[in-house]
Amino acid sequence: MEPSYLIKPLLDKDYPVISHGEGIYLYDIAGNKYLDGCSGAVTASIGHNIQSVIEAMMDQASKVSFVYRSQFTSEPSEKLATKLMEISPGDVNWSFFVNSGTEAIETAMKIAIQHWQEIGLPQKTKVISRWNSYHGITIGALSLSGFTTRRERFESLLEKSPIVEPPYCYRCPFEDTYPNCQLKCATDLERAILDVGPDSIAAFIAEPIVGAAAGAITPPDGYYEKIREICNTYNILFIADEVMSGIGRTGEMFAINHWKVVPDIICIGKGMSAGYTPIAATLVSNKVIDPILRGSKIIMSGHTYSANPQSTAVSLAVLQYIEQNNLVEHAAIIGDYLFEKLQKLKNAYKIIGDVRGKGLFIGIELVADKVKKYPFSFEKAVTKRLVEIAQWNGLLIYPANAGIDNNGGDAFIIAPPLTITEKQVDDLVTLLDKSLKQLESEMLS
Ligand code: PLP
Numbered sequence: 312m313e314p315s316y317l318i319k320p321l322l323d324k325d326y327p328v329i330s331h332g333e334g335i336y337l338y339d340i341a342g343n344k345y346l347d348g349c350s351g352a353v354t355a356s357i358g359h360n361i362q363s364v365i366e367a368m369m370d371q372a373s374k375v376s377f378v379y380r381s382q383f384t385s386e387p388s389e390k391l392a393t394k395l396m397e398i399s400p401g402d403v404n405w406s407f408f409v410n411s412g413t414e415a416i417e418t419a420m421k422i423a424i425q426h427w428q429e430i431g432l433p434q435k436t437k438v439i440s441r442w443n444s445y446h447g448i449t450i451g452a453l454s455l456s457g458f459t460t461r462r463e464r465f466e467s468l469l470e471k472s473p474i475v476e477p478p479y480c481y482r483c484p485f486e487d488t489y490p491n492c493q494l495k496c497a498t499d500l501e502r503a504i505l506d507v508g509p510d511s512i513a514a515f516i517a518e519p520i521v522g523a524a525a526g527a528i529t530p531p532d533g534y535y536e537k538i539r540e541i542c543n544t545y546n547i548l549f550i551a552d553e554v555m556s557g558i559g560r561t562g563e564m565f566a567i568n569h570w571k572v573v574p575d576i577i578c579i580g581k582g583m584s585a586g587y588t589p590i591a592a593t594l595v596s597n598k599v600i601d602p603i604l605r606g607s608k609i610i611m612s613g614h615t616y617s618a619n620p621q622s623t624a625v626s627l628a629v630l631q632y633i634e635q636n637n638l639v640e641h642a643a644i645i646g647d648y649l650f651e652k653l654q655k656l657k658n659a660y661k662i663i664g665d666v667r668g669k670g671l672f673i674g675i676e677l678v679a680d681k682v683k684k685y686p687f688s689f690e691k692a693v694t695k696r697l698v699e700i701a702q703w704n705g706l707l708i709y710p711a712n713a714g715i716d717n718n719g720g721d722a723f724i725i726a727p728p729l730t731i732t733e734k735q736v737d738d739l740v741t742l743l744d745k746s747l748k749q750l751e752s753e754m755l756s
């Protein structure tokens with residue numbers, strides 16, 4: 312390749328150049344094959360080169376790719392909104408389309424604030440979030456993200472909203488154990504609300520199962536039930552950030568469904584188009600939108616490419632593919648099969664401290680001392696090293712905390728496309744086993 316002027320995540324690293332993808336595999340121009348064990352950034356959830364999606368893409372492109380949403384609506388956008396209404400829990404019926412997960416979060420913040428303005432409570436503007444979380448990269452969404460390494464350069468610009476403790480049982484912030492703890496992590500929300508005053512708080516936001524900032528942290532039963540109760544008591548909206556965990560990834564359409572709790576607002580992205588086009592959405596309940604419909608009748612947000620028919624047609628085709636192939640049910644079943652195999656690896660390796668998650672959204676935490684749960688030192692960059700070894704062996708895994716942010720340990724995520732077969736799970740685990748063997752010998756020698 313010629314010298315490049317593309318700004319890449321690490322400017323001093325050589326990245327393989329990809330040539331094409333097929334199912335759960337990617338191929339580079341040097342002829343290397345990679346098993347996509349993390350769907351890229353937990354995104355390519357139906358695998359690559361799916362014919363029906365390509366056809367929908369071509370078909371829409373041959374009609375019209377862009378209309379301005381303030382002038383027109385389109386059939387694919389209307390159909391996609393209807394499909395999302397059907398699959399969303401409770402009365403979460405309304406869709407606002409954007410281009411990235413970050414924008415979905417920004418929109419959720421604005422809609423929550425606007426909701427309270429329309430009913431005469433304009434002082435409710437703060438959004439409470441949790442540590443060990445990631446909600447996006449712009450200043451607003453980053454303000455909510457409890458991800459220290461991504462915040463630190465911009466800290467002075469971030470909104471000063473309260474951040475509470477996460478339900479991180481493996482490293483309980485209260486040094487307690489479930490169920491003895493009586494869910495102190497949930498009541499920490501109540502403490503923060505009372506500290507700041509419920510009259511100033513618009514919403515609480517959480518990833519139902521945490522992704523990038525810690526590696527599939529999964530709360531104990533009762534946690535979200537309690538969160539919902541606290542939000543109701545203090546008149547606070549509950550926003551579920553399902554950008555990574557949503558659209559079948561965990562073996563339920565939305566991860567929050569595992570606890571049968573209905574949020575007021577849900578943010579989705581990634582799996583919504585499975586990487587075939589940039590699109591994301593903020594899904595809003597009747598309760599949230601009703602005062603806006605009765606009041607100003609306009610959502611004070613939007614982007615040039617919001618609801619462009621090219622992207623909504625592609626997303627619709629992806630959702631149809633997921634439905635027609637029963638991929639949500641498949642993710643639950645094959646996810647259990649994978650989880651069992653990863654638990655066996657945990658028993659076999661001194662450096663695996665925890666395996667957690669649901670469906671095909673599984674986090675593995677690496678530790679220097681399994682009994683004391685000590686993380687590896689910062690300098691070892693252990694997850695970064697494992698990602699390198701695995702890629703060399705032909706397996707892609709997703710770093711969470713990546714060995715550069717040790718505030719929650721070193722974790723990585725296994726989240727292959729929902730289409731993965733049992734045989735392919737076996738291959739994934741074989742490649743991971745081989746990679747862990749090399750890592751363990753390097754780290755413990
Ligand atoms: N929310 C969660 C839970 C995410 O995992 C991400 C991205 O990883 C985002 C929001 C931001 O999405 P995007 O990168 O599409 O802006």
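To convert, note that position 203 of the sequence shown is 514 in our numbering; the numbers rise steadily by one, no gaps. Where is the CB? At the ideal position from N, CA and C, for every residue including glycine. This structure is a prediction, so every number in the text was calculated from the model and none was measured.
According to DSSP, is residue i part of a helix, a strand, or is it coil?
i: Gly562; result: coil
i: Val573; result: coil
i: Lys769; result: Examination of residue 769 is not possible in this model, given that the chain is present from 312 through 756 alone.
i: Cys483; result: coil
i: Tyr660; result: coil
i: Cys578; result: strand
i: His446; result: coil
i: His331; result: strand
i: Phe650; result: helix
i: Leu742; result: helix
i: Glu751; result: helix
i: Lys669; result: strand
i: Tyr336; result: strand
i: Ser440; result: strand
i: Asp267; result: Because the chain is modelled from 312 through 756, residue 267 falls outside the range shown and cannot be assessed.
i: His614; result: coil
i: Thr413; result: helix
Going by DSSP, name the residue or residues bridged to residue i.
i: Pro710; result: Phe723
i: Ile550; result: Ile516, Ile576
i: Val595; result: Trp405, Ile576
i: Gly674; result: Arg667, Ile724
i: Gly457; result: Trp442
Judging by CA-CA distance, which residue of the options is the nearest neighbour of residue i?
i: Val698; options: Lys652, Phe650, Ser688, Gln749; result: Gln749
i: Lys421; options: Met611, Leu649, Leu594; result: Met611
i: Met369; options: Pro727, Ala722, Ala624; result: Ala624
i: Ala517; options: Glu690, Ser444, Arg464, Thr449; result: Ser444
i: Ala551; options: Gln371, Arg441, Leu337, Gly562; result: Arg441
i: Ile577; options: Ser376, Ala592, Leu671; result: Ala592
i: His641; options: Asn658, Ile662, His614, Lys669; result: Lys669
i: Gly508; options: Leu742, Ile439, Ala628; result: Ile439
i: Pro710; options: Ile329, Tyr336, Ala352; result: Ala352
i: Ser756; options: Lys734, Gly447, Ala679; result: Ala679
i: Tyr660; options: Ser584, Ile633, Thr588, Leu743; result: Leu743
i: Val328; options: Leu322, Tyr338, Leu321; result: Tyr338
i: Pro400; options: Ile567, Asn546, Arg502, Glu676; result: Ile567
i: Ala618; options: Trp570, Phe465, Glu389; result: Glu389
i: Phe672; options: Ala523, Trp427, Lys435; result: Ala523
i: Glu470; options: Ala503, Pro728, Gly431, Thr436; result: Thr436
i: His569; options: Pro531, Ile600, Ile547, Lys691; result: Pro531
i: Met564; options: Glu463, His446, Asp323, Gln631; result: Gln631
Run the proximity test for residue i: is its beta-carbon closer than 6 Å to any non-hydrogen atom belonging to ligand 1?
i: Thr593; result: no
i: Ser411; result: yes
i: Asp552; result: yes
i: Met297; result: In the structure as shown, the chain begins at 312 and stops at 756. Residue 297 is therefore absent and cannot be evaluated.
i: Tyr489; result: no
i: Gly447; result: yes
i: Glu417; result: no
i: Glu476; result: no
i: Met583; result: no
i: Met555; result: yes
i: Glu518; result: yes
i: Ala392; result: no
i: Ala287; result: Residue 287 cannot be examined here, being either before or after the span of the chain that is shown, 312 to 756.
i: Gly674; result: no
i: Gly508; result: no
i: Gly351; result: no
i: Gly526; result: no
i: Gly580; result: yes
Report back the beta-carbon spacing between residue i and residue j to the nearest angstrom; my notes put them in contact at under 8 Å.
i: Leu653; j: Ile725; result: 7 Å
i: Gly674; j: Ile528; result: 7 Å
i: Val629; j: Ala585; result: 5 Å
i: Pro589; j: Ser622; result: 7 Å
i: Gly559; j: Ile633; result: 6 Å
i: Ser376; j: Pro620; result: 7 Å
i: Tyr345; j: Leu706; result: 7 Å
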